[in-house]
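Chains as they are written, first to last, in our numbering: chain A, 455 to 603; chain B, 1022 to 1126.
In this text, a Cβ means the ideal position worked out from N, Cα and C, and glycines have one as well.
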């Protein structure tokens, strides 16, 4: 539905539904922290950004560019073939060693345990990602400011 | 702690595969750059879901931390991508990617 609807706003709304479904999967996996972060970051921030840009650019079905039928056909075939190959290869793998676990540590998704790992084992990547964010902020401001001149 | 009976990991693998392939098909099928960015988000989410599922099934919290980092990178990527898109729209008055062929030889 995200890729099939003609109107970009409908695509965004379907994408929000998909994100909430994925958040539900995180809750089912007992990863509450990830579910909360996922909803806040994706549904809260990224989707608002998408909607904002789409409405700023005033997009609707009339402005939607169209591909030729041949290209659409080729894209569908290529995507379907990729799905077929991946599913066929995953069908044969042996996962009994993983599936055999009896989930002895079902609480790893909680904030306390994730914080222990994040701020001890992964402290340097955490700080590096903050620098990445700083660079992204500066880049976005520079890109968006060009119209002033 | 009482928790639900977990789905087998194979179901998560297939769900992620399907989501990822929908994302790939979206990138291939659509010409609107915003939809392509959304398809990229879909692919990142498929990988995130599989990473979280394997992390839970292995009982290792590192996988969930990786998911967290992927989310950070995805947020930065979307912000920069949409800013670039705004500049493109300002120049072309369209977000059709077929107009962006100036780098083509």
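In the structure shown, the three-state DSSP call for residue 1053/B is strand. Looking at the DSSP output, residue 1117/B sits in a beta bridge with 1053/B. Residues are counted here when their Cβ sits less than 8 angstroms from a Cβ of chain A; for the region 1066-1092 of chain B these are 1066, 1069, 1070, 1073, 1074, 1075, 1076, 1077, 1078, 1079, 1080, 1081, 1082, 1083, 1085, 1086, 1088, 1089, 1090 and 1092, given in chain order. Taking the Cα positions, residue 541/A is about 37 angstroms away from residue 574/A. Within chain B, the residues placing a beta-carbon under 8 angstroms from that of residue 593/A are 1101 and 1104, ordered along the chain.
Scanning chain B for C-beta atoms nearer than 8 angstroms to the C-beta of residue 500/A yields 1062, 1095, 1096 and 1099, reported in chain order. With a 10 Å radius around the Cβ and a threshold of 16 neighbouring Cβ atoms, residue 1093/B comes out buried. Interface residue (Cβ-Cβ distance to chain B less than 9 angstroms): residue 523/A is not classified as such.
Counting only Cβ-Cβ distances below 7 angstroms, residue 1109/B has no contacts in chain A at all, with the closest Cβ about 10 angstroms away. DSSP places residue 564/A in the coil class of the three-state scheme, outside both helix and strand. Any Cβ of chain B closer than 9 angstroms to the Cβ of residue 578/A would place that residue at the interface, and such an atom is absent. By the CB criterion at 9 angstroms, residue 1060/B and residue 1045/B fall inside the cutoff. When the five nearest sequence neighbours on each side are left out, the beta carbons in the same chain lying within less than 8 angstroms of the beta carbon of residue 1030/B are those of 1074, 1075 and 1078, in order along the chain. Only 469, 472, 473, 476, 479, 480, 482, 483, 484, 485 and 487 from the region 467-487 of chain A bring a Cβ to less than 9 angstroms from some Cβ of chain B. At a cut-off of 9 angstroms between C-beta atoms, residue 493/A does not count as an interface residue with respect to chain B.
Closest in alpha carbon position to residue 583/A, among 1116/B, 1110/B, 1098/B and 1111/B, is 1098/B.
Listed along the chain, the chain A residues whose CB falls inside 8 angstroms of the CB of residue 1113/B amount to none; the nearest CB is some 11 angstroms away.
Proximity to residue 473/A across 490/A, 586/A and 587/A peaks at 490/A, based on C-alpha coordinates.
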